[in-house]
Every structure is written in structure tokens, then in C-alpha cells.
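Asks: The structure that follows is given in the form of C-alpha cells.
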Amino acid sequence: MENYIIAILVIVLIGLFIKNILFAPLSTHDPLSNVQQTANAAKEDEPIVEGRFTPKSLYKFNGFDTENIYIAVKRNVYDVSKARQFYGPSGPYSNFAGHDASRGLAKNSFEMDVIRSYGEPIDDLADLTPEELESLNGWESTFKSKYPVVGVLVDE
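Just so we're aligned: 216 in the working numbering is position 156 of the sequence shown, and the numbers increase by one with no gaps anywhere.
Written out as C-alpha cells, the structure is:
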């Protein structure tokens, strides 16, 4: 009886060994990943080439058409792609993606009716109250401290 148990254990162990050799999980480690990470880190350190965006050219950076998400605040265009959970397609501030968000931020409104479409001229914000301007300036400081400027918003 003892020989049968040992024989069964040996067969099971050999079976497991063969199974692990034949059906080994694919390695998810990429030997080049460290090189790629170093290259990506170098890219992050490179200065961002500033661009000139019109409302129409800014619109394509809405998180749907490209992976990059840009938002304009007081004519500066910020790359907010790293905060996709907020500004991306399903984020709470997704209406701002690819737009001039200045009026919405000033009024603390995330509704589409405060955001101009890309066919309209850039909002001059002349009718904002002092409180709204103060709010907008606070938002601008937040954007400046968190996100890189990638360009400026200009008229068509």
C-alpha cells in the first residue's frame, strides 16, 4: 500500500512538473521596460514646446480624439492629461477638456452653457464680478502649480 502512495505522489509531481514546463505563464516582465522608463523620464524633463491654439485646434485635445487632454485658463493652455480621472471623458470636469474653461472656473459652474464652442470668439471675461475674477485667479494658480503650460489660446 505504501508503494502505491509513493508511486501516485511521484506521478502527480511529474505531472505538475510537465504541466509547468508546457503551460508556463507568459512573463509580463519586459526586459526593455527599464530602458523605456528611463526614456520616458527623460521626455518628462524635456521642455515642452509651446504652441498656439485656436479654440478649434484646442478642441481635438478633449480626451476622445487624442489621449492628450488640454484646457485653457486665461489664455494659457495646460496639459491636464495626468488628471484624466477628472478631465477625461467620464470625469466630473470633462466638459472643460479641449475648451477654454475660464468662465466655468470663475463661476464655479461645470455646465456646458458657460463654455463657448470653438466657432465663437474667445471669451474676454469682461463681465465677471470681482468675486468671480478672484475665483478664476485661484484656479489659475492651481493649474500653474500642477500642470505644464503647452501653449497659448489665440483668436482664429
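Glycine included, every Cβ here is placed at the ideal spot set by N, Cα and C.
Kindly list the residues whose CB is nearer than 7 Å to the CB of F146, restricted to its own chain and excluding five residues on each side of it in sequence; keep chain order.
Replies: Once the five neighbours on either side are set aside, the close Cβ partners of F146 are P152, Y153.
Asks: By Cβ distance, which residues of its chain are closer than 8 Å to F170, with the 5 residues on each side in sequence left out?
Replies: Cβ neighbours of F170 beyond the five flanking positions: P152, Y153, N155, F156, G164.
Asks: Using only the alpha-carbon positions, how far apart do Y130 and P181 sit?
Replies: Roughly 18 Å between the two C-alpha positions.
Asks: Distance, Cα to Cα, G123 vs K142?
Replies: Rounded to the nearest angstrom, the two C-alpha atoms are 11 Å apart.
Asks: Can you give me the Cβ contacts of R176 inside the same chain, cut-off strictly under 8 Å, excluding the 5 residues immediately before and after it?
Replies: For R176, where only same-chain residues beyond five positions count, the Cβ hits under 8 Å are P115, H159, D160, R163, I182, D183.
Asks: I need the straight-line Cα distance from L193 to D187, nearest angstrom please.
Replies: Taking the straight line joining both Cα atoms gives about 10 Å.
Asks: My output table needs one value for P131: the three-state DSSP class, helix, strand or coil.
Replies: Just to set this straight, residue 131 is Ile in the shown sequence, not Pro. Strand.
Asks: Considering only their Cβ atoms, is the gap separating V212 from N128 smaller than 8 Å?
Replies: No, they are not a contact pair.
Asks: Taking the runs of the beta strand (DSSP E) that are 3 residues or longer, which of them lie wholly in the region 119-187?
Replies: Those beta strand (DSSP E) runs which fall completely within the region 119-187 and span 3+ residues are 130-133, 136-139.
Asks: For my contact list, N168 and S195 are in at a C-beta cut-off of 8 Å; report their separation, rounded to the angstrom.
Replies: Their Cβ separation, rounded to whole angstroms, is 6 Å, which keeps N168 and S195 in contact under 8 Å.
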